[in-house]
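Read through the structure below, which is laid out as structure tokens, and then see the notes.
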Amino acid sequence: MKALVFQGPGQKDWIEKDKPTIQKPTDVIVKISKTTICGTDLHILKGDVPTVTPGRTLGHEGVGIVEEVGDAVVNFKTGDTVLISCVTSCGKCANCKRSLYAHCADGGWILGHTIDGTQAEYVRIPHADHSLHPIPAGADEEALVMLSDILPTGFEIGVQYGHVKPGDTIAVVGAGPVGMSVLLTSQFLSPGRIIMIDMDPARLELARQFGATDTIQVGAEDVVARIMEMTHGKGVDVAIEAVGVPATFDTCQKIVAAGGNIANVGVHGKPVELHIEELWIKNINISMGLVNTNTTPMLLKTLGNARVDPAKLITHRFALDEMMKAYEVFGNAAREKAMKVILSA
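Residues 9 to 353 in this note's numbering are what the sequence shown lists, from first letter to last.
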């Protein structure tokens, strides 16, 4: 089969690789129908995730058809169309029993990380009964790919961890795919004001179409001064970091209101400076984490909802064997006006 393989920082290849096989009775082999590229994959290629070793097939999102089933799998059979969760869950360990699937004793984020992932013609899914979701009849498969990772990530780590409440003023720093997912899913909670912050005017225009009440372009305006003007000097109730660089985290520290929340969603490859000398007196909470995907079943029920339509995030489509071209486009998102790419077999 063909697969997108990490060969070390800055190096990747679309090459021939052995097709995966059943290794444990709880495994399933899935033939990939649709997959995508995540910002985390770009972080891996930059060398920000040293636990990913050369030779690894990247990718942790996708939809596919079950081709082979281990003897212990009970919820799926050959021919089923399934949504692949970016997080693998055994369903039995102490962390899984408290829905902390990201820290499963025999799973968590392993696809495209410590085992081969979904940017390939086939993928092995461990603990399939707890790590796959049946696809509702007639569902949009492209939209479903957004539910593998970015939509639950935005909702859980941004909206839920940020304790967004009705009427809140929230600011999302970064209007990329995950930031847009925060924007879409935050509307479940009816915040009073959603401020999107980014360097790219095209992304900010898209954010307004998705429901942002206000936008601020980095570089064209002083972000902190503008936020303080908009909030009468108070700052925002929830500041959500959705990029993963020190500057954006620093912005969140400067714009959060007393009693507010900073929710860090971005994947950071470098240390950030925590201004505790200024924040200790503000009675704030800071949260961060890896998505658990425990909200995926709920999010599946929102498919087709005109207000929260994950298919809106898709800007480019490629054939699966155009993987290298898709990486070129996604890796130059501002130039290409790319949000999410879909690769179809």
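Quick reminder that beta carbons are idealized off the backbone N, C-alpha and C, glycines included.
Closer than 8 Å: residue i CB and nearest the ligand PLP heavy atom
{"i": "Leu298", "result": "Among the components modelled here there is no ligand, and therefore nothing to report on the ligand PLP."}
For residue j and residue i, the rounded distance between their alpha carbons
{"i": "Met331", "j": "Leu119", "result": "18 Å"}
{"i": "Ser352", "j": "Arg325", "result": "8 Å"}
{"i": "Thr86", "j": "Glu76", "result": "6 Å"}
{"i": "Ile203", "j": "Thr177", "result": "8 Å"}
{"i": "Ile270", "j": "Thr43", "result": "31 Å"}
{"i": "Thr122", "j": "Ile52", "result": "12 Å"}
{"i": "Gly146", "j": "Met306", "result": "17 Å"}
{"i": "Ile158", "j": "Val251", "result": "13 Å"}
{"i": "Ala265", "j": "Lys39", "result": "48 Å"}
{"i": "Arg106", "j": "Glu164", "result": "15 Å"}
{"i": "Val244", "j": "Thr301", "result": "27 Å"}
{"i": "Ile350", "j": "Glu149", "result": "10 Å"}
{"i": "Leu197", "j": "Lys278", "result": "32 Å"}
{"i": "Ile248", "j": "Val190", "result": "8 Å"}
{"i": "Ala327", "j": "Asn293", "result": "44 Å"}
Cβ pair residue i, residue j closer than 9 Å
{"i": "Ser93", "j": "Val71", "result": "no"}
{"i": "Val232", "j": "Phe257", "result": "no"}
{"i": "Asp79", "j": "Cys98", "result": "no"}
{"i": "Met296", "j": "Val273", "result": "yes"}
{"i": "Val186", "j": "Gly166", "result": "yes"}
{"i": "Gly241", "j": "Gly200", "result": "no"}
{"i": "Ala356", "j": "Ala220", "result": "Residue 356 lies beyond the residue range present for the chain, which begins at 9 and ends at 353; the question has no answer from this structure."}
{"i": "Ile205", "j": "Val246", "result": "no"}
N-terminal and C-terminal residue of the beta strand (DSSP E) that residue i is part of
{"i": "Pro160", "result": "Where Pro160 is concerned, there is no enclosing beta strand (DSSP E), although the alpha helix (DSSP H) it sits in stretches over 158-161."}
{"i": "Gln225", "result": "222-225"}
{"i": "Tyr109", "result": "Tyr109 -> no beta strand (DSSP E), and no H or E assigned at all."}
{"i": "Asp21", "result": "19-24"}
{"i": "Ala247", "result": "244-249"}
Helix, strand or coil at residue i according to DSSP, with G and I counted as helix
{"i": "Glu344", "result": "helix"}
{"i": "Ser198", "result": "coil"}
{"i": "Met9", "result": "coil"}
{"i": "Val186", "result": "helix"}
{"i": "Pro254", "result": "helix"}
{"i": "Leu319", "result": "Here the sequence assigns Ala to residue 319, which means Leu is not the residue at that position. Helix."}
{"i": "Ile40", "result": "strand"}
{"i": "Gln31", "result": "coil"}
{"i": "Gln261", "result": "helix"}
{"i": "Asp206", "result": "strand"}
{"i": "Gly16", "result": "strand"}
Close Cβ partners of residue i (< 7 Å) along its chain, the five nearest in sequence each way excluded
{"i": "Leu298", "result": "Ala110, Trp117"}
{"i": "Gly227", "result": "Met207"}
{"i": "Leu155", "result": "Leu91, Thr304, Leu307, Leu308, Pro318"}
{"i": "Pro28", "result": "Ile37, Asp124, Tyr130, Val131, Arg132"}
Same chain, Cβ closer than 8 Å to residue i, neighbours up to 5 away in sequence not counted
{"i": "Asn340", "result": "Ala346"}
{"i": "Phe84", "result": "Val36, Val74, Val77, Val90, Ala136, Asp137, Leu140, Pro142"}
{"i": "Glu286", "result": "Gln261"}
{"i": "Val316", "result": "Leu192, Thr193, Gln195, Phe196, Thr310"}
6 Å CB neighbourhood of residue i in its chain, flanking five on each side removed
{"i": "Ala11", "result": "Lys25, Thr65, Ala128"}
{"i": "Lys290", "result": "Ala266"}
{"i": "Met238", "result": "none"}
{"i": "Asp49", "result": "Leu66"}
Terminal residues of the alpha helix (DSSP H) in which residue i lies
{"i": "Gln168", "result": "Unbroken run through Gln168: none, as it is neither H nor E."}
{"i": "Met236", "result": "231-238"}
{"i": "His138", "result": "136-139"}
{"i": "Ala151", "result": "149-153"}
{"i": "Arg216", "result": "209-218"}
{"i": "Ala334", "result": "331-339"}
{"i": "Asp79", "result": "Premise fails: Asp79 is in no alpha helix (DSSP H) and is neither H nor E."}
{"i": "Arg175", "result": "Before going further, note that residue 175 is Gly rather than Arg in the sequence given. Neither: Gly175 is in no alpha helix (DSSP H) and is coded neither H nor E."}
{"i": "Ala228", "result": "First-last for Ala228: undefined, no H or E at that position."}
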